[in-house]
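> Numbering (this note's numbering), first residue to last: 1 to 334.
Glycine included, C-beta positions come from ideal geometry on N, C-alpha and C.
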Amino acid sequence: MLLVSASSSPALICATAKEALRRGRQRVSPSFASRILAVDRLRLMTWILLLPAVLLAAGWLGLRWLRRELTPPQLSHPEPSSTDPLLQWVTIPATNGKQLSAQWLPAGEGGPRMGMAILMHGWGGNGSQLRTAAVALCGQGWSVLLPDARSHGRSDGDTFSSLPRFAEDLDACLDWLQRHQLHPTPDQGQVPVVLLGHSLGAAASLLCASRRSDVSAVVSVSAFAHPEQVMRRWLAEYLIPFWPIGWLVNRYIEGVIGHRFDDIAPVRTIVRVKAPVLLVHGREDDVVPLSCAEQLKAAARHADLLVVPGRHDSFVDETELNRQVLAWLAGLPA
1 MLLVSASSSP ALICATAKEA LRRGRQRVSP SFASRILAVD RLRLMTWILL
51 LPAVLLAAGW LGLRWLRREL TPPQLSHPEP SSTDPLLQWV TIPATNGKQL
101 SAQWLPAGEG GPRMGMAILM HGWGGNGSQL RTAAVALCGQ GWSVLLPDAR
151 SHGRSDGDTF SSLPRFAEDL DACLDWLQRH QLHPTPDQGQ VPVVLLGHSL
201 GAAASLLCAS RRSDVSAVVS VSAFAHPEQV MRRWLAEYLI PFWPIGWLVN
251 RYIEGVIGHR FDDIAPVRTI VRVKAPVLLV HGREDDVVPL SCAEQLKAAA
301 RHADLLVVPG RHDSFVDETE LNRQVLAWLA GLPA
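(1) Please classify residue 239 as buried or exposed, where buried requires at least 16 other C-beta atoms within 10 Å of its C-beta.
(2) Which ranges does the alpha helix (DSSP H) cover as unbroken runs of at least 4 residues, wholly within the stretch 200–258, from first to last along the chain?
(3) Residue ranges of each beta strand (DSSP E) run of no fewer than 3 residues wholly in the stretch 253–320, ordered along the chain?
(4) Anyone know if the C-beta pair for residue 208 and residue 170 falls short of 9 Å?
(5) Under a three-way DSSP split, which group does residue 193 fall into?
(6) Please give the ranges of any alpha helix (DSSP H) in the stretch 124–184, keeping only runs that are unbroken, at least 4 residues long and fully inside the region.
(7) Suppose you measure from the CA of residue 152 to the CA of residue 290; what does that come to, to the nearest Å?
(8) Would you mind reading off the limits of the beta strand (DSSP E) that contains residue 101?
(9) So, does the stretch 255–267 touch the stretch 156–169, judging by three or more C-beta pairs under 8 Å?
(10) Start and end of the beta strand (DSSP E) containing residue 108?
(11) Would you kindly report the start and end of the unbroken beta strand (DSSP E) that includes residue 91?
(12) Do the CB positions of residue 155 and residue 105 come within less than 9 Å of each other?
(13) Give a yes or no on contact between the stretch 88–100 and the stretch 134–143, applying the rule of three or more CB pairs nearer than 8 Å.
(14) Apply the 10 Å Cβ neighbour rule to residue 320 and answer buried if 16 or more other Cβ atoms are within range, or exposed otherwise.
(15) Taking Cβ positions, are residue 114 and residue 330 nearer each other than 9 Å?
In structure tokens:
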């Protein structure tokens with residue numbers, strides 16, 4: 001016969017009871033059975049009480065990780081070389097009392113005056129990454145503004161970065177041009193203003209142009225079609241299942257930025273852009289697939305698609321690409 005003392009541990013009591021039942025050597029009394037049930041209830045209650053705390057801790061750690069992953073690196077600008085055109089650093093007031101830092105490259109003296117161009121970098125970048133395109137535009141008579149978005153480059157930091165905030169920064173740049181640089185002449189009329197953006201900067205350019213009437217054209221380089229698609233690919237890199245975790249992550253981000261993905265998706269905003277749009281995309285882009293550019297082309301009112309050899313951040317022949325973009329701009333109606 002198996003003996004169990006009242007001071008035995010719950011695990012030993014359970015093991016002893018099971019052994020007794022298996023051997024058939026002892027009939028379990030009602031009081032003994034109730035003790036076993038009480039132990040099981042205690043374990044269940046412990047899990048019920050601990051589970052919310054465990055989930056809260058896991059959620060808190062997950063949100064901290066997500067915030068860190070979604071915070072852009074603030075890259076510094078390279079030192080200017082002796083061959084760089086003379087440029088001016090300007091300060092532009094932005095939303096939330098922040099200040100944008102931007103490079104201003106006026107068109108050369110004595111040449112044609114084509115208009116103004118604002119070039120917006122992508123996530124984690126800065127204005128200097130588009131300097132080659134800026135120099136090419138300046139050489140053809142365009143004055144160029146190269147801003148750093150908030151929390152990027154030399155600009156003030158903010159609580160977070162997002163597609164709508166990039167678009168707000170473009171709004172601030174357009175307003176700055178209106179106040180300081182755009183002076184229509186009787187023979188020229190309204191000065192054309194072009195937005196050129198890369199990746200997230202391209203998506204922001206489309207969002208900005210969709211709600212303004214003073215944008216003459218948009219050049220979108222390597223733009224994605226929908227933030228939901230971007231997040232699905234990003235989550236897949238970390239082997240995070242989209243349902244339900246990824247879906248909840250996306251809804252959390254929508255809450256943080258204050259906008260639904262569907263409302264700010266380039267495939268939706270491009271429909272409302274009245275200005276001509278040039279979509280540039282690298283054929284070998286493995287960050288944003290070419291199919292995104294094709295979706296944008298299908299949704300746009302009037303857009304041209306230029307597919308070139310290259311990836312998301314680099315193209316095989318940037319000189320030829322700049323020539324094609326300049327030719328497209330030159331062919332726009334006055």
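Based on what the coordinates show:
(1) exposed
(2) 200–210, 227–237, 247–257
(3) 277–282, 303–308
(4) Contact: yes.
(5) Taken through DSSP and simplified to helix, strand or coil, residue 193 comes out as strand.
(6) 131–139, 163–180
(7) Taking the CA atoms as reference points, residue 152 sits about 27 Å from residue 290.
(8) 99–105
(9) yes
(10) From DSSP, residue 108 is part of no beta strand (DSSP E); its letter is neither H nor E.
(11) 88–93
(12) no
(13) A contact is defined here as three or more CB-CB pairs under 8 Å, and the stretch 88–100 fails this definition with respect to the stretch 134–143.
(14) exposed
(15) yes
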